[in-house]
Amino acid sequence: MDFTECYGDTVSSVAAAARTGCWKQVRRLIRRGFSVDCRDNRGWNALHEAAAAEGHQNCVEFLLDHGADPNVACSRDWPQLAIHAAAEFGHIGLIAATDRVCDQGDGMVSPIYVAVNRHQSGSVRALLSEGYSPDAQDCTHVLGLHSPLSLALMQAMDFFRFSSFSESVRLLVAAGAHLKEEDWLYALATDQTDLLQLILEYRWISPPETLTRGSSVLQELLCVALEHVQFAPCWLPVLLKAGLQPSLLLQPHVLEHADGDALNYLLEFVNWTTLPKSLKSILDRRREEQTWKPWTHFDTVVSLSHICRLQIRLMLGPDLLMRTSIVQQLPVPPSLHQLACHHKSGLFHEKHWFFQL
């Protein structure tokens, strides 16, 4: 390798030509014997320059054809390849040539991290479409991030305050990116439901029995939701509509701290007359303290229609009932279809709440 051209703050002749996109000049220099491997003070070589530059795919292909190695790393902190430079600037042309160990390999950093960090949703889309993992690798020790989605969510909080979210978030969620407990915070510890609805659009909530099998997804969701009961008026209707088993929320902490109307809405999804004595005592105390005003029908005999819809939910499962049209196949009048799905629960037709679905 010829290092005679490498200076402290300059690039080689081939790299300079690649940066400008003049592939004919790159060809002339290589034919005259100039090296394609010389690095600048950052460790970049001609292929990094061509990959980062706008519309210089001809240079990239020419350099690859003449021995440029796409798997040469240039950073001391973590192995930055030419594909990272391409992802940073939104020009993905090295996916096929790059060793896929950078996708999920230990000690590596997926180019999806770089694309998300630079708000290059086009690069994110291209990498995902070529099979790169939306979860990449855990880069906590290198970048302080456990996944590209955690980075995208952090950016959404900083730039949008979750009045919206980035296209990168949408792409990663749609690709099946796994959410950890800290990621659920962005969806549940807020009065905005857009992100939560996006997440639930692409995945079903696990049934309760998965908790006994060590399912971390449902456990993490419940943990965050129960820790942020003050936002129950926002996340409760969304989660129940998505198929969350309401019995999982019948816990003392929820009944003690949930907003009164949110509590009424939750009770609409259960048989309130069969609650354990300990939970009934909490409701009685809140009624006496006037921190909860129950709907009037909670003091009457449970209607047959309510019992029927609870039984339908039990037999079909909340996910099928709430997220598919299967209830419309039941041999009952159409007016009862919405009732079976709780679309006429008190919160939807008695109150004009800001968190109506």
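Per the numbering used here, residue 1 is the first one in the sequence shown, and the count goes up by one each step. Glycine included, every Cβ here is placed at the ideal spot set by N, Cα and C.
Item, Value
"C-alpha distance - residue 203 paired with residue 256, whole-angstrom precision", "30 Å"
"Between the CA atoms of residue 216 and residue 237 - distance to the nearest angstrom", "22 Å"
"In chain order, each alpha helix (DSSP H) run of at least 4 residues that lies wholly inside the stretch 67-155", "82-88, 101-104, 111-117, 121-129"
"Neighbourhood of residue 162 by C-beta distance below 8 Å, restricted to the same chain and skipping five residues each side", "Low confidence applies to residue 162: its pLDDT is 48, below 50, so where it sits in the model is not reliable, and the reading given next is rough at best. The residues are 156, 186, 190, 192, 194, 195."
"With 16 other Cβ atoms within 10 Å as the buried cut-off, status of residue 288", "exposed"
"Meets three-Cβ-pair contact criterion under 8 Å: the stretch 245-259 and the stretch 295-309", "no"
"Classification of residue 39 by the beta-carbon crowding that lies within 10 angstroms, buried from 16 upward", "buried"
"Integer-rounded CB distance, given that residue 97 should sit under 8 Å from residue 127", "The Cβ separation is near 14 Å, so there is no contact."
"C-beta atoms of residue 70 and residue 53 nearer than 7 Å", "no"
"Cβ shell of residue 279 (< 8 Å), same chain only, five flanking positions each side left out", "250, 252, 255"
"Per-residue DSSP class, three states only, for residue 163", "With a pLDDT of 46 at residue 163, under the threshold of 50, the modelled position of this residue cannot be trusted, and the question is left open."
"Contact set for residue 44: own chain, Cβ-Cβ below 6 Å, skip 5 residues either direction", "74"
"Extent of the continuous alpha helix (DSSP H) to which residue 58 belongs", "57-65"
"Sufficient close CB pairs (3 or more, under 8 Å) joining the stretch 82-95 to the stretch 136-144", "no"
"Local conformation of residue 233 per DSSP, three classes", "helix"
"Distance between residue 95 and residue 29 (C-alpha atoms, nearest Å)", "26 Å"
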